[in-house]
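Report on one structure; see the data block that follows.
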């Protein structure tokens with residue numbers, strides 16, 4: 219669970235480039251990219267509120283991690299605080315491959331991010347985890363918001 223939210227946090231965070239090198243970024247990609255860049259910085263600073271800024275802040279937010287479903291912004295926020303030990307975590311996130319975008323409509327886009335996290339376990343051992351995060355972004359009056367996240371670890 220601790221890894222789940224730390225990873226999900228980053229999952230939403232980093233974009234390294236357009237889905238296809240031969241096609242220019244879509245308007246959605248150009249608008250979402252800075253949000254993902256900011257999320258990565260916030261995740262590596264373990265700043266939960268800053269990291270969750272682009273998430274939908276209501277009860278309809280859905281977050282799935284390795285088959286476990288969490289509903290609502292409050293539940294996701296509480297879990298993220300716990301995952302980052304109230305900001306005292308040493309986890310560092312990095313992008314492990316290019317971000318893939320699929321723009322479904324002018325106001326709905328998917329972003330899939332391959333990520334790596336590295337943290338120190340209580341035993342002092344370093345643990346590296348690879349994960350993939352897919353986010354559903356919806357453009358709303360307040361701007362692009364993450365309305366659903368699916369995160370899974372690579373085994």
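In my numbering, the protein residues as written are 219 to 373. Note that CB positions come from ideal geometry on N, CA and C, so glycine has one too.
The stretch 351 to 364 makes contact with the stretch 315 to 327, as at least three CB pairs between them are under 8 Å.
Boundaries cannot be given for residue 343, as no beta strand (DSSP E) includes it and DSSP labels it neither H nor E. Cβ atoms of residue 287 and residue 273 stay farther apart than 8 Å, at about 16 Å. Your pair residue 269 and residue 279 does not check out as a contact, with CB atoms roughly 14 Å apart and the cut at 8 Å. Non-local beta-carbon contacts of residue 338 in its own chain, meaning distances under 8 Å to residues more than five positions away in sequence, involve 308, 344 and 345 in chain order.
Each of 241, 340, 243 and 335 was checked against the Cα of residue 262, and the nearest Cα belongs to 335. Taking the Cα positions, residue 305 is about 21 Å away from residue 348. Exclusion of the five residues before and after residue 264 leaves 302, 305 and 307 as the residues of its chain whose Cβ lies within less than 6 Å of its Cβ. For residue 357, the beta-bridge partners assigned by DSSP are 362. Annotation: residue 285 to residue 299 spans about 21 Å, alpha carbon to alpha carbon. DSSP places residue 280 in the uninterrupted beta strand (DSSP E) bounded by 280 to 283.
Spatial neighbours of residue 245 in its own chain (CB-CB distance under 6 Å, excluding positions within 5 residues in sequence) are not present. DSSP places residue 304 outside any alpha helix (DSSP H), giving it a letter other than H or E.
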